[in-house]
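Single-structure report; data block below.
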Amino acid sequence: MNPYKKPLWTALLSLAVLSACTAAPESPASPSSSAAPSTEAAADNTAAAADMPGKAKYEDADLATDWSADNATAIALNGTNATVTGTGAKADNGTVTITAPGTYVLSGKLADGQVVVDVPNKGTVRLVLNGADIHNEDNAPVYVKEAGKAVITLQEGTDNVVSDGKTYVFPDASADEPNAAIFSKADLTVNGTGSLTVRGSFNNGITSKDDLKITGGAIRIEAADDGLMGRDLVAVRDGKLTIEAGGDGVKTTNDADAAKGSIAIEGGTFDIRAGGDGMQAANAIRIDGGTFAIVSGGGSAKAAPKAGDARQDPRNRGAAASAPAQAAADTPSAKALKAAANVAIANGTFSIDAADDAIHSNGAMTISGGGMKIVSGDDGIHADASIAITGGTIDIAKSYEGIESAQITIAGGDIRVTASDDGINIGGGNDGSSTGGRPGQNQFAASSANKLAIHGGTIAVNAAGDGLDSNGSIEMTGGTVVVNGPTANNNGALDYDGTFVMSGGFLIAAGSTGMASAPSADSGQNSVVMSFSKAQAAGSLIRLEDGQGNAVATFAPAKTYQSVVISSPSLKKDATYVLYTGGSASGSGTNGLYDGEYRDGTKVVEFKLANAVTWLTESGVDASGGAGRGGPGGGGPGMGGGRVRPGG
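The sequence shown begins at 4 in the numbering used here and counts up one residue at a time.
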């Protein structure tokens, strides 16, 4: 069964990408240009959208919770055995065996027994847990051996428990199933409004060898290994799930069929604490709604030490980066959300504390909405192939690298990134991720296909390493970008190996001078680079205004700085501008940008803007184009842009 409706999802996501790419300019508080993004960039995003997963399909049986005692078989659990009233089931020495489709209502306690569903004719079996407590010390308490579909309904107002022991007894040494407190070889759905506590002391909490769907109920799972596992699909439409797992919180395992192995979530509340990944899909992850609180691997405080950050583009690593089945290998990791294929997030509220990457795709990723608060021991958001962000609110409060991929396109959204290394990094990286080694430790190399494209949105970066770092090129046509870059001279607020073509939007980037860079000299929009003779204090305002006193930018860098890059549609060739420092400003101060009155500043330099990139010192225009401060960097005449590392 194909659980996806791809055409509708593709159309909606493509529309979201194109709409965000052509959004109206931001308000003056967030200056930007109305320049349209390249059609090539929009086409690339639309093509990526075509590979994203669709919504899961739900049948009537997945949603129905009503039942009638007149048409149901009652199973009264009484400690060591059970009493069956009705047809289709029998009880023998603590084992209840169901052999016919129908509705079975279980109540009472079974101290050491098993409920087995064995329906050869593939019908639907509904188990209504009506205040049931089922325990088995050495096997699965609930075992769906054969059926067309099994549905567990949690009766309103009841508390139910399913638990197992730490050791299972199998018929022979080759057997390894069942291996969960609730184990199904058929499609399994849990619905209703009651509560269910599952204690999987042996291995998993709830496992289906086919599809696993949750459409309701308050479900608490404590599992030695994985909490929820569906081989072909895990789909959640509603419900409250609390999961404590030694392994992964939610997981799919079918990596042999491209139409299966995905996680699809439309709603519900998730509180997941996992020793491994919070959610791990053998194929794709799609999230359209829900509330998520995820702690993976003990949280960011448990992150593995970072080794040298040598990088290689995934295209240069051959099949390792291009074979989804190979990438889906279940290596230990501690990511919050991890997909071996693609990730699509359209909505939802996320609070993530991950020892590893917070959101990770071995393929492509799209984010078109939702709200995210992320702390990560590694990358905040990572995709090996590409990332497209068209909306939503993303707050990465802690990370090693904030957002990383081979290609990143940002056309909307409100993004804040704090990183101990690079804020936004273009280079990519195949997932060799185990909790003992950082996935970004792969060797990356520059590639002409690597690109950071910014067409809209608001982006604020605070990075100890490079602010915007592309092992390729950068293109900016719109949006607002604020960078608080490094204080050390071995990194720069802007870093790129190819070109940085600036044709629209507003950019301000503060940092050190040692590796300072600017947009390319052949950009369609003008830029100014100010290099101070000594470092300026954190919070000390920098103000650029035209000859009539109209503000181009008023900015309070968050850290000590010695170099500032400003690019704005307001910068006109041959016009006169004045740069000030210090003083005070009124207004909102969003991301350090002020939109109110400026006063009492110290005039540093007055200059005439003569080139696409004008380099300044306190003495005036620097005719050398910034030479000696970090390489070309979009600097003097004839210089193409991009800083040059020693030996690079």
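Ideal placement from N, C-alpha and C gives every residue a C-beta, glycine not left out.
Because the structure is a prediction, the values reported are computed rather than measured.
Out of 306, 229 and 276, which one is the CA nearest neighbour of residue 295?
Position 292 of the sequence shown, counted from the start, is the residue given in the question as residue 295. Checking every option, the nearest Cα to that of residue 295 belongs to 276.
Sequence-distant residues of its chain with Cβ nearer than 8 Å to residue 32 (five each side left out)
Residue numbering aside, residue 32 sits at position 29 when the sequence shown is read from its first letter. Legend: pLDDT at residue 32 = 39, less than 50; position of this residue unreliable, value from coordinates given subsequently. Closer than 8 Å at the Cβ level, and outside the excluded window around residue 32, lie 590, 591, 593, 596 and 598.
Cutoff 6 Å; reference residue 68; Cβ partners in own chain excluding five residues on either side
Taking the sequence shown and counting its residues from 1, one reaches residue 68 at position 65. Result list for residue 68: 156, 194 and 195, in chain order.
Between which two residues does the alpha helix (DSSP H) containing residue 143 stretch?
If you number the sequence shown from 1, residue 143 lands on position 140. Run containing residue 143: none; DSSP gives neither H nor E here.
Less than 6 Å between C-beta atoms, sequence neighbours within five positions excluded: which residues of the same chain meet that for residue 492?
As a working mapping, residue 492 is identified with position 489 in the sequence shown. Hits under 6 Å: 515 and 517.
What number of angstroms, rounded off, separates the C-alpha of residue 528 from the C-alpha of residue 422?
For the purposes of this step, residue 528 is taken as residue 525 along the sequence shown, with counting starting at 1. For the purposes of this step, residue 422 is taken as residue 419 along the sequence shown, with counting starting at 1. If I take the Cα positions, the gap works out to 28 Å.
Is it buried or exposed for residue 188, if we count other Cβ within 10 angstroms and need 16 for buried?
Residue mapping note: residue 188 aligns to position 185 of the sequence shown, counting from 1. Per the 10 Å Cβ criterion, buried.
If you reduce the DSSP assignment to three classes, tell me which class residue 365 lands in.
Translated into positions along the sequence shown, residue 365 becomes position 362. Coil, per DSSP.
Through-space distance from residue 299 to residue 342, alpha-carbon basis:
Sequence index remark: in the sequence shown, residue 342 carries index 339 (1-based). Sequence index remark: in the sequence shown, residue 299 carries index 296 (1-based). Approximately 15 Å between the Cα atoms of the pair.
Which runs of the beta strand (DSSP E) at least 3 residues long sit entirely within the region 214 to 241? Give them in chain order.
214 to 217, 221 to 226, 231 to 233 and 236 to 239
Close-in-space but distant-in-sequence residues of the same chain around residue 241 (CB under 6 Å, 5 per side omitted)
As a first step, residue 241 is located in the sequence shown; it is residue number 238 there, counting from the start. Non-local beta-carbon contacts of residue 241 in its own chain, meaning distances under 6 Å to residues more than five positions away in sequence, involve 218, 219, 270 and 271 in chain order.
Under the assumption that residue 653 contacts residue 151 (Cβ atoms under 8 Å), give the Cβ distance between them as a whole number of angstroms.
As shown, the chain starts at 4 and ends at 651. That puts residue 653 outside it, with no answer to give.
CB-CB length for residue 617 against residue 604, believed under 8 Å:
For this step, residue 617 is matched to residue 614 along the sequence shown. For this step, residue 604 is matched to residue 601 along the sequence shown. Wrong, their Cβ atoms sit about 20 Å apart, outside the cutoff.
Under 8 Å between the Cβ atoms of residue 471 and residue 532?
Translated into positions along the sequence shown, residue 471 becomes position 468. Translated into positions along the sequence shown, residue 532 becomes position 529. It is not a contact, given that the beta carbons lie outside the stated cut-off.
Bridge partner(s) assigned by DSSP for residue 205:
In the sequence shown, counting from the first residue as 1, residue 205 sits at position 202. Per DSSP, none; premise fails for residue 205.
Beta carbon of residue 400 nearer than 8 Å to that of residue 358:
Your numbering for residue 400 matches position 397 in the sequence shown. Your numbering for residue 358 matches position 355 in the sequence shown. Against a cut-off of 8 Å, the Cβ pair of residue 358 and residue 400 comes out as no contact.
Range covered by the alpha helix (DSSP H) that runs through residue 259
If you number the sequence shown from 1, residue 259 lands on position 256. That residue, residue 259, is in no alpha helix (DSSP H); it is neither H nor E in DSSP.
Where does residue 472 fall in DSSP's three states?
Walking along the sequence shown from the start, residue 472 turns up at place 469. Strand.
Per DSSP, what kind of secondary structure is residue 212 in: helix, strand or coil?
Within the sequence shown, residue 212 is the residue found at index 209, counting from 1. DSSP places residue 212 in coil when its eight states are reduced to three.
Are the Cβ atoms of residue 350 and residue 292 separated by less than 8 Å?
In the sequence shown, counting from the first residue as 1, residue 350 sits at position 347. In the sequence shown, counting from the first residue as 1, residue 292 sits at position 289. A contact, by the Cβ cut-off of 8 Å.
Go ahead and pull the three-state DSSP assignment for residue 492.
For this step, residue 492 is matched to residue 489 along the sequence shown. DSSP places residue 492 in coil when its eight states are reduced to three.
Is it the case that the Cβ atoms of residue 511 and residue 569 are separated by a distance below 8 Å?
The residue given as residue 511 occupies position 508 in the sequence shown. The residue given as residue 569 occupies position 566 in the sequence shown. Result yes, Cβ atoms of residue 511 and residue 569 sit closer than 8 Å.
So which of 513, 549 and 550 has the shortest CA-CA distance to residue 535?
Your numbering for residue 535 matches position 532 in the sequence shown. Looking at the Cα atoms, 513 is the closest of the given residues.
Whole angstroms is fine: what's the gap from residue 202's alpha carbon to residue 78's?
For the purposes of this step, residue 202 is identified with residue 199 of the sequence shown, where counting begins at 1. For the purposes of this step, residue 78 is identified with residue 75 of the sequence shown, where counting begins at 1. Looking at the two C-alpha atoms, the distance is approximately 22 Å.
Are at least three pairs of beta-carbons, each pair with one atom in the region 243 to 261 and one in the region 102 to 109, less than 8 Å apart?
The answer is no - the region 102 to 109 does not touch the region 243 to 261, with fewer than three Cβ pairs under 8 Å.
Bounding residues of the alpha helix (DSSP H) (the contiguous stretch that carries residue 387):
For the purposes of this step, residue 387 is taken as the residue at position 384 of the sequence shown. Element bounds for residue 387: n/a, residue is neither H nor E.
Since residue 258 and residue 285 are thought to touch, with beta carbons under 8 Å apart, how far apart are those beta carbons, to the nearest angstrom?
Taking the sequence shown and counting its residues from 1, the one referred to as residue 258 is at position 255. Taking the sequence shown and counting its residues from 1, the one referred to as residue 285 is at position 282. With 8 Å as the limit, residue 258 and residue 285 qualify as a contact, their Cβ atoms being about 4 Å apart.
How about residue 408 and residue 389: are their beta carbons less than 8 Å apart?
The count along the sequence shown starts at 1 and reaches residue 408 at position 405. The count along the sequence shown starts at 1 and reaches residue 389 at position 386. In this structure, residue 389 lies closer than 8 Å to residue 408 by Cβ.
Segments assigned beta strand (DSSP E), at least 3 residues, entirely inside the region 483 to 538:
483 to 487, 497 to 499, 503 to 505 and 509 to 514
For the alpha helix (DSSP H) containing residue 183, name the first residue and the last one.
Here residue 183 is taken as the residue at index 180 of the sequence shown, counted from 1. Segment 183 to 187 is the beta strand (DSSP E) holding residue 183; no alpha helix (DSSP H) there.
Reduced DSSP category for residue 96 - H, G, I as helix; E, B as strand; rest coil:
Stepping through the sequence shown from its first residue, residue 96 is reached at position 93. If DSSP states are grouped into helix, strand and coil, residue 96 belongs with coil.
With a Cβ-Cβ cutoff of 8 Å, do residue 163 and residue 182 count as a contact?
To locate residue 163, count along the sequence shown from 1; it is residue 160. To locate residue 182, count along the sequence shown from 1; it is residue 179. With respect to the 8 Å criterion, residue 163 and residue 182 are not classified as neighbours on the basis of their beta carbons.
Applying the criterion that 16 or more other CB atoms from any shown protein chain within 10 Å of the CB defines a buried residue, is residue 176 buried or exposed?
For the purposes of this step, residue 176 is taken as residue 173 along the sequence shown, with counting starting at 1. So residue 176 counts as exposed.
Please tell me whether residue 350 has its Cβ less than 8 Å away from any Cβ of chain D.
Given the protein chain composition of this structure (a single chain), no chain D is represented.
Residue 461 to residue 412 span [Cα, whole Å]
Here residue 461 corresponds to residue number 458 of the sequence shown, with the count starting at 1. Here residue 412 corresponds to residue number 409 of the sequence shown, with the count starting at 1. The straight-line gap from Cα to Cα measures roughly 13 Å.
For residue 66, report the span of its beta strand (DSSP E) as first-last.
On the sequence shown, position 63 is the one that residue 66 refers to. Per DSSP, residue 66 belongs to no beta strand (DSSP E); it is in the alpha helix (DSSP H), 63 to 66.
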